[in-house]
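Numbering (full-length UniProt numbering), first residue to last: 1 to 733.
Ideal placement from N, C-alpha and C gives every residue a C-beta, glycine not left out.
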DNA sequence: AAAAAAC
């Protein structure tokens with residue numbers, strides 16, 4: 001625990017929502033010492049007095065107002081930064097937290113209590129499942145909404161606190177802060193241990209922004225090579241060729257690669273290799289990813305052969321080992337068989353696809369009056385009970401593609417009639433991140449409710465008792481993330497034995513190292529022979545192992561003509577000096593639209609958000625070092641438009657939908673082309689236009705070329721320095 | 001190497 005990185009920190013912070021923990025930590029915490037510590041010169045929290053005012057700094061309006069009062073000199077980024085770190089966050093968080101602490105307990109408790117009690121009393125009476133449950137569960141269901149509804153009022157935590165503070169004048173802040181101080185100190189001590197480790201890494205670098213870049217670069221230097229290699233490793237294993245080369249060749253080469261670019265320079269000498277790698281790689285990778293797209297027809301045979309091995313289907317493929325061909329064959333064939341085009345869907349309605357009236361009506365209310373291609377392609381097969389693999393580009397409507405037919409199927413299976421208080425869940429939707437799970441529920445819940453079914457979210461970072469009580473009351477559809485689901489299973493509070501439909505969203509990612517095994521364990525808990533639906537914008541052979549173990553004769557669907565050429569996204573690459581990165585980003589975000597910035601690390605995301613705030617830009621961050629309440633809140637701030645800039649790690653790369661993000665900036669280039677595609681897919685959704693700007697140092701051009709090639713993206717390269725017309729032009733998009 | 005995912 002002590003070292004649990006993000007989680008611990010997350011939990012710790014989240015603890016505020018959870019009295020026991022919070023108390024325990026606080027108890028363990030060194031309240032008094034904390035204060036002292038925070039005030040010590042060496043501490044970030046030092047200058048607590050100043051820190052308080054600075055916190056308010058976050059609000060641009062307040063800044064402006066205060067600027068008169070305070071010398072601008074106080075705000076120096078440093079001061080604020082130092083403060084923020086302790087808070088575990090930024091000024092925002094601090095502000096939010098204070099209100100949060102005061103409000104949070106009430107909030108968390110109230111929603112729960114409110115929801116539970118009313119619900120409970122109601123339900124009994126509801127013996128009438130239909131009406132009653134609906135009425136009630138809305139409340140449950142609306143746990144989200146309920147809290148939301150409430151929050152609005154709180155809602156305005158930000159504004160409220162703001163308004164209050166001014167009124168408080170100095171004293172209020174003081175009184176509050178003392179309390180905060182207690183927290184901070186506690187964090188101070190704790191933080192240093194858990195959180196700070198991460199921050200420490202950065203800050204040293206931040207401390208001096210100039211230095212920060214420096215520290216990062218070293219990391220890049222190393223990382224870049226490393227990242228590449230892993231990729232290479234993946235491919236190579238796949239390459240049967242190397243085997244022919246003997247194992248050594250790959251090995252020897254890699255060492256060279258390790259040297260990174262030296263290796264690359266060598267490659268030139270390898271002359272052949274690069275081409276090979278490309279040929280091989282591109283084909284294979286493309287096969288893996290692209291094949292789905294292009295290769296369906298062509299490569300399938302090979303793939304089928306290749307696909308045998310669970311983990312290295314691709315690798316073995318070229319090779320000649322078809323031994324395990326079974327699983328992959330299925331995939332390949334399925335892929336070829338079904339490609340839906342937009343024209344195929346013209347005039348087709350959801351009703352035509354087999355969905356009932358209530359669901360169709362609800363979909364229309366959700367803004368989906370008629371099916372998108374991927375939806376038209378998969379819904380009939382899902383309703384027919386088949387296992388389905390679905391690939392539709394980012395923002396193409398995959399959630400409804402599995403969510404709507406899933407609900408329809410549960411309803412058909414006499415779910416409503418058999419419903420009972422303690423019934424076990426019959427459907428499970430797994431997502432890689434909490435935010436995505438929450439987002440999926442926002443779409444699926446209303447659809448389910450329209451036919452009298454209930455959903456609940458099961459994910460970590462929040463107290464579990466509400467989730468558990470919901471399960472005890474009985475729910476039909478579970479939407480969540482792997483960790484908490486396994487946790488509740490282990491506790492005997494969640495039984496998946498009646499789950500007859502399981503969905504893996506971002507299925508290829510769910511097969512990545514670290515996710516695969518938990519997912520396998522969970523799938524094994526579900527009803528044998530149950531229906532499985534795997535969806536992703538980059539669905540590839542990576543799912544072969546799951547397909548082989550859990551799917552039967554799956555139908556593979558994709559949408560024809562959905563390539564990058566038909567995309568509504570404009571891709572740009574800015575070749576810059578690393579030291580200019582911060583300033584260039586500041587210039588790029590100096591615009592009206594919503595901007596999502598991706599960073600490779602949590603620490604840099606945090607630092608960059610702070611930097612932008614210091615530069616007068618309303619920005620916030622989203623990454624795993626934040627507690628869940630703040631994660632949710634910060635994402636909501638972008639959604640609501642309270643801020644126009646969100647700096648995030650790849651936690652936001654997949655699935656997250658925020659309307660009208662028209663610019664995605666990759667402050668750090670991604671390592672994998674799939675990551676690029678998913679990050680880029682946060683813009684240009686549902687046919688809208690968007691721009692993706694990737695910042696790279698010139699020595700990364702080669703890698704970037706390779707990545708874009710694998711992604712089948714054509715991007716323009718521009719060398720840029722701060723103040724360049726090219727940068728201003730992008731900012732004026 | 002990073003990130004995510006439970007407490």
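Supposed contact pair residue j and residue i - C-beta distance, whole angstroms, cut 8 Å
i           : j           : result
residue 482 : residue 535 : In fact, because the Cβ distance is near 16 Å, the residues do not count as touching under 8 Å.
residue 437 : residue 395 : With a Cβ gap of about 18 Å, residue 437 and residue 395 do not count as contacting.
residue 486 : residue 463 : Not really, about 17 Å apart at Cβ, beyond 8 Å.
residue 340 : residue 557 : 7 Å
residue 406 : residue 559 : Contact doesn't hold; Cβ gap of about 20 Å is too wide.
residue 368 : residue 655 : Their Cβ separation, rounded to whole angstroms, is 17 Å, which puts residue 368 and residue 655 out of contact at 8 Å.
residue 442 : residue 499 : The Cβ separation is near 21 Å, so there is no contact.
C-beta atoms of residue i and residue j nearer than 8 Å
i           : j           : result
residue 713 : residue 663 : no
residue 476 : residue 410 : yes
residue 399 : residue 390 : no
residue 683 : residue 661 : yes
residue 619 : residue 658 : no
residue 668 : residue 598 : yes
residue 342 : residue 380 : no
residue 424 : residue 469 : no
residue 572 : residue 727 : no
residue 458 : residue 429 : no
residue 401 : residue 439 : no
residue 596 : residue 507 : no
residue 698 : residue 538 : no
residue 588 : residue 730 : yes
residue 451 : residue 358 : yes
Run of the beta strand (DSSP E) containing residue i, from where it starts to where it stops
i           : result
residue 571 : 569–576
residue 390 : 388–391
residue 696 : 690–697
residue 645 : 645–648
residue 738 : No information on residue 738 is available, as it lies outside the stretch 1 to 733 that the chain covers here.
residue 364 : No beta strand (DSSP E) contains residue 364, which is instead part of the alpha helix (DSSP H) from 357–365.
residue 607 : Run containing residue 607: none in the beta strand (DSSP E); it sits in the alpha helix (DSSP H), 602–614.
For residue i, the nearest candidate out of the options (CA to CA)
i           : options               : result
residue 474 : 464, 460, 490 and 456 : 456
residue 453 : 439, 466 and 403      : 403
residue 364 : 472, 491, 447 and 641 : 447
residue 691 : 567, 502 and 647      : 567
residue 576 : 499, 676, 524 and 695 : 695
residue 505 : 724, 388 and 731      : 388
residue 521 : 484, 355, 553 and 557 : 484
residue 579 : 721, 510, 551 and 561 : 721
residue 460 : 629, 723 and 558      : 629
residue 384 : 670, 703 and 531      : 531
residue 582 : 558, 608, 574 and 561 : 608
residue 512 : 723, 546, 529 and 488 : 546
residue 719 : 707, 700 and 553      : 700
residue 386 : 621, 544 and 551      : 551
residue 601 : 626, 422, 554 and 350 : 626
residue 624 : 605, 707, 397 and 444 : 605
Exposure of residue i, with buried meaning 16 or more beta-carbon neighbours within 10 Å
i           : result
residue 592 : exposed
residue 686 : exposed
residue 711 : buried
residue 435 : buried
residue 634 : buried
residue 715 : buried
residue 346 : exposed
residue 689 : exposed
residue 648 : buried
residue 172 : With a pLDDT of only 30 at residue 172, under 50, the local geometry of the prediction cannot be trusted, and no value is derived from it.
residue 603 : buried
residue 725 : exposed
residue 745 : No information on residue 745 is available, as it lies outside the stretch 1 to 733 that the chain covers here.
residue 492 : exposed
residue 190 : In this predicted model, residue 190 has a pLDDT of only 33, less than 50, meaning its place in the structure is not dependable enough to derive any value.
First through last residue of the alpha helix (DSSP H) which encompasses residue i
i           : result
residue 398 : 398–412
residue 498 : Segment: none, residue 498 is in no alpha helix (DSSP H) and carries neither H nor E.
residue 675 : 673–680
residue 581 : 581–588
residue 483 : 482–490
residue 459 : Looking at the DSSP string, residue 459 is not in any alpha helix (DSSP H), and its letter there is neither H nor E.
residue 453 : Taken as a continuous stretch (DSSP letters only), residue 453 belongs to no alpha helix (DSSP H), as it is neither H nor E.
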